[in-house]
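Novice: Residue numbers (the UniProt record's numbering), protein chains in the order written: chain A, 1 to 180; chain B, 1 to 310. Ideal Cβ placement from N, Cα and C applies to all residues, glycine included. All values derive from a computational prediction rather than experimental measurement. First the structure, which I've put down as structure tokens, then a few questions once you've had a look.
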Amino acid sequence: MNEPKALLMDATQMNRALSRIAHEIIERNKGTEHVALVGIRRRGIPLAQRLAARLKEFEGRDVPVGSLDITLYRDDLTELAALPVVHKSEVNFKLPGTVVVLVDDVLYTGRTARAALDALLDIGRPAAIQLAVLVDRGHRELPIRADYVGKNVPTSRRERVEVHMTEVDGEDFVALYDIE
Amino acid sequence: MAGLARKDILGLQEMTVEEIDLILDTAEALKDLATRPIKKVPTLRGKAIVTLFYENSTRTARSFELAAKYLGADVINVSAATSSVQKGETLKDTARNLEAMGIDAVVVRHSMGGAPHLLARALRASVINAGDGLHEHPTQGLLDMLTIRQRKGGFKGLKVAIVGDSYHSRVARSNIYGLSKYGAEIWLAGPSTLLARGFEAYGVRTTTRVEEALEGADVVNVLRLQLERQEKGLFPTVAEYHKFWGVTEARLRLAKPDALLMHPGPMNRGVEISTAVADGAQSVITEQVTNGVAVRMALLYLLLGGGEPA
Numbered sequence: 001m002n003e004p005k006a007l008l009m010d011a012t013q014m015n016r017a018l019s020r021i022a023h024e025i026i027e028r029n030k031g032t033e034h035v036a037l038v039g040i041r042r043r044g045i046p047l048a049q050r051l052a053a054r055l056k057e058f059e060g061r062d063v064p065v066g067s068l069d070i071t072l073y074r075d076d077l078t079e080l081a082a083l084p085v086v087h088k089s090e091v092n093f094k095l096p097g098t099v100v101v102l103v104d105d106v107l108y109t110g111r112t113a114r115a116a117l118d119a120l121l122d123i124g125r126p127a128a129i130q131l132a133v134l135v136d137r138g139h140r141e142l143p144i145r146a147d148y149v150g151k152n153v154p155t156s157r158r159e160r161v162e163v164h165m166t167e168v169d170g171e172d173f174v175a176l177y178d179i180e
Numbered sequence: 001m002a003g004l005a006r007k008d009i010l011g012l013q014e015m016t017v018e019e020i021d022l023i024l025d026t027a028e029a030l031k032d033l034a035t036r037p038i039k040k041v042p043t044l045r046g047k048a049i050v051t052l053f054y055e056n057s058t059r060t061a062r063s064f065e066l067a068a069k070y071l072g073a074d075v076i077n078v079s080a081a082t083s084s085v086q087k088g089e090t091l092k093d094t095a096r097n098l099e100a101m102g103i104d105a106v107v108v109r110h111s112m113g114g115a116p117h118l119l120a121r122a123l124r125a126s127v128i129n130a131g132d133g134l135h136e137h138p139t140q141g142l143l144d145m146l147t148i149r150q151r152k153g154g155f156k157g158l159k160v161a162i163v164g165d166s167y168h169s170r171v172a173r174s175n176i177y178g179l180s181k182y183g184a185e186i187w188l189a190g191p192s193t194l195l196a197r198g199f200e201a202y203g204v205r206t207t208t209r210v211e212e213a214l215e216g217a218d219v220v221n222v223l224r225l226q227l228e229r230q231e232k233g234l235f236p237t238v239a240e241y242h243k244f245w246g247v248t249e250a251r252l253r254l255a256k257p258d259a260l261l262m263h264p265g266p267m268n269r270g271v272e273i274s275t276a277v278a279d280g281a282q283s284v285i286t287e288q289v290t291n292g293v294a295v296r297m298a299l300l301y302l303l304l305g306g307g308e309p310a
């Protein structure tokens, strides 16, 4: 892997951003009573778990956390060189009446978010769906907007944003790379 | 590795352990789809699949059909009884005509061993063997393996007793090829006229005493007895077959208490298997059927999900 050209967030900044998003979720939904988090595989899952821990800290309530694998909903399978490995989706709570906050690391073209919306709606009918992302890097190809954003980062399409998380990568940081 | 580096699924004999692991892992992930309220994803939208059955089948054909539909593909079913085969068209021509209509995969069952291989060479579309003659039934072998792996955690060192007509059984052959790659101990038991031979190289042991195979077994896979074999004089009577080789409660007690009881269906109750055993606590026969859909979804995803086949 090449060297990052810029560090976008360090561990402290990531922590602050997640705390802020957690407060915004509570504010917007007037508490967490009907809220559940669903992480989009792969780094959306640890992000959702961290957000749930903060919601518990701030509101004293456990919030259900699920995971979504969107491989089967991708609209670009034939364009990919390697077929993605399919994983299980786990949404073990009732969706009707629940406000689901979809959680992902990076919002880019919006195609992943669209696939996640399709996947979630096939499982059930939540009262509402909101979208939380750690980084919004722009370049949308679909009319999709995040409700909660950790950091907005203007990027070029020739760049790549990578979110590193302790649970998956051993350390916390977000960095910008040039595509080789 | 993601995706299968092959165009066709013809048998487990030629597959690597890595390929089988990938198929079983994918099937495991897809299994939940069949239990959801909306049993459909758009993964294979726009793909067309033909099931081409030259032998009767309800379970396998419908299982493939459901798997394809759950993944969003379009399916047409062709059975020999209603196709141009009756007008003398060859297998190759039938398949070529279907391919000319733009299909992406053919699922074929044929009484002739090697028929799917012939098609695979002739067609650009993927070919999946749904049972060919006395050769293989790879998707049944894979769903059996998925069922065993889910219940036993793996295959190494398991004693697997395959009871009944292994000579005419493509299910038995696919089980032998698949399970032996993982180091399972495989026993074949049945009347000597119905025992498959020549599998010593795979570590297979054969016996005419069903008790010997069942003793301490972790898995008991009972094969369907085709009753027309009696007309060919391969065993004296159905009653005698049941007496000597039928898997009954008493015989099943020879196996481990947590042994799995499997059957590829459809069952002849009171012949190769007693009703008490078929419906008993150890029976995983309906799980096998559920896993069949998952395995077939996995294969269709892995063969058709990506770009151009390898």
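How many angstroms separate the CA atom of valine 160 (chain B) from the CA atom of serine 89 (chain A)?
Specialist: The straight-line gap from Cα to Cα measures roughly 33 Å.
Novice: For leucine 297 (chain B), name the three-state secondary structure that DSSP assigns.
Specialist: This sequence places methionine at residue 297 (chain B); leucine is not what is there. Helix.
Novice: Distance, Cα to Cα, serine 63 (chain B) vs leucine 300 (chain B)?
Specialist: Between serine 63 (chain B) and leucine 300 (chain B), the C-alpha separation is close to 12 Å.
Novice: Identify the residues that DSSP records as bridge partners of glutamine 130 (chain A): which are they?
Specialist: A:Val101
Novice: Indicate whether threonine 155 (chain A) and arginine 137 (chain A) have their beta-carbon atoms separated by less than 7 Å.
Specialist: It is a contact, given that the beta carbons lie within the stated cut-off.
Novice: With three or more C-beta pairs closer than 8 Å as the rule, is the segment 41-53 of chain B touching the segment 205-219 of chain B?
Specialist: Contact annotation: the segment 205-219 of chain B does not touch the segment 41-53 of chain B, with fewer than three C-beta pairs closer than 8 Å.
Novice: Run through chain A and tell me which residues come within less than 8 Å of arginine 109 (chain B), C-beta to C-beta.
Specialist: Correct list: empty, because the minimum Cβ distance to chain A is about 26 Å.
Novice: To the nearest angstrom, how far is the alpha carbon of proline 309 (chain B) from that of glutamine 13 (chain A)?
Specialist: Any reading at proline 309 (chain B) needs caution, since the residue's pLDDT is 38, under 50, leaving its predicted position unreliable; the model's value is listed next. Those two C-alpha atoms are separated by around 45 Å.
Novice: Counting only beta-carbon atoms, is leucine 72 (chain A) nearer than 7 Å to chain B?
Specialist: yes
Novice: Can you list the residues of chain B that histidine 87 (chain A) reaches, using a CB-CB cut of under 7 Å?
Specialist: Ala29
Novice: Would you kindly report the start and end of the unbroken alpha helix (DSSP H) that includes serine 63 (chain B)?
Specialist: 59-70
Novice: Helix, strand or coil for glutamate 38 (chain A) per DSSP?
Specialist: In the sequence as presented, glutamate is not what sits at residue 38 (chain A); that position holds valine. The answer is strand: DSSP assigns valine 38 (chain A) an E or B state.
Novice: Exposed or buried, asparagine 2 (chain A), counting other C-beta atoms within 10 Å across all chains shown (16 or more means buried)?
Specialist: exposed
Novice: Got a sec? Which residues, its chain only, sit under 6 Å from aspartate 10 (chain A) by beta carbon, not counting five neighbours each side?
Specialist: Taking C-beta separations shorter than 6 Å and ignoring five residues to either side along the sequence, the partners of aspartate 10 (chain A) in its chain run Phe173, following chain order.
Novice: On the three-pair Cβ rule with 8 Å, is the segment 153-167 of chain B touching the segment 217-233 of chain B?
Specialist: yes
Novice: What are the residues that DSSP puts in a beta bridge with aspartate 74 (chain B)?
Specialist: B:Ala48
Novice: What three-state label does DSSP hand alanine 175 (chain A) in the structure shown?
Specialist: strand
Novice: In chain order, what residues of the same chain lie with their CB nearer than 7 Å to the CB of alanine 119 (chain A), ignoring the 5 residues before and after it?
Specialist: Leu68, Ile70, Tyr73, Ser89
Novice: Using a C-beta cutoff of 7 Å, does leucine 55 (chain A) count as contacting chain B?
Specialist: No, no contact with chain B.
Novice: Kindly say whether leucine 117 (chain A), judged by its beta-carbon, lies nearer than 7 Å to any beta-carbon of chain B.
Specialist: no
Novice: I'd like to know whether the C-beta atoms of leucine 146 (chain B) and alanine 27 (chain B) end up nearer to each other than 7 Å.
Specialist: yes
Novice: Please compile the residues from chain A whose C-beta is within a distance smaller than 8 Å of the C-beta of arginine 36 (chain B).
Specialist: Asp122, Ile123
Novice: Would you identify the three-state DSSP class for glycine 131 (chain B), choosing helix, strand or coil?
Specialist: Glycine 131 (chain B): strand per DSSP, three-state reduction.
Novice: What does the alpha-carbon distance come out to for the pair leucine 102 (chain A) and leucine 121 (chain A)?
Specialist: Cα to Cα, the separation comes out at about 12 Å.
Novice: Thinking C-beta only, is glutamate 159 (chain A) closer than 7 Å to leucine 142 (chain A)?
Specialist: no
Novice: What does alanine 113 (chain A) touch in chain B if you count any residue whose Cβ is under 8 Å from its own?
Specialist: Chain B residues near alanine 113 (chain A): none, gap ~16 Å exceeds 8 Å.
Novice: Check whether the Cβ atoms of alanine 294 (chain B) and lysine 31 (chain B) lie closer than 7 Å to each other.
Specialist: In this structure, lysine 31 (chain B) lies closer than 7 Å to alanine 294 (chain B) by Cβ.
Novice: Quick check on the burial criterion: 16 or more other C-beta atoms within 10 angstroms. Buried or exposed for threonine 82 (chain B)?
Specialist: exposed
Novice: Is the Cβ-Cβ distance between alanine 80 (chain B) and tyrosine 54 (chain B) less than 7 Å?
Specialist: yes
Novice: Look at the Cβ atom of proline 264 (chain B), then the Cβ atom of glutamine 150 (chain B), and state whether they are nearer than 7 Å.
Specialist: Taking a C-beta distance under 7 Å as the contact criterion, proline 264 (chain B) and glutamine 150 (chain B) do not qualify as a contact pair.
Novice: Quick check: what's the CA-CA separation for methionine 1 (chain B) versus leucine 142 (chain B)?
Specialist: Summary for methionine 1 (chain B): the model assigns pLDDT 45, below 50, so the residue's position carries little reliability, and this model does not support an answer.
Novice: Helix, strand or coil, according to DSSP, for threonine 206 (chain B) in the structure here?
Specialist: strand
Novice: Taking serine 174 (chain B) as part of the alpha helix (DSSP H), name the residues at either end of that continuous run.
Specialist: 170-180
Novice: What are the start and end residues of each continuous beta strand (DSSP E) run of 3 or more residues lying completely inside the segment 51-103 of chain A, in chain order?
Specialist: 65-68
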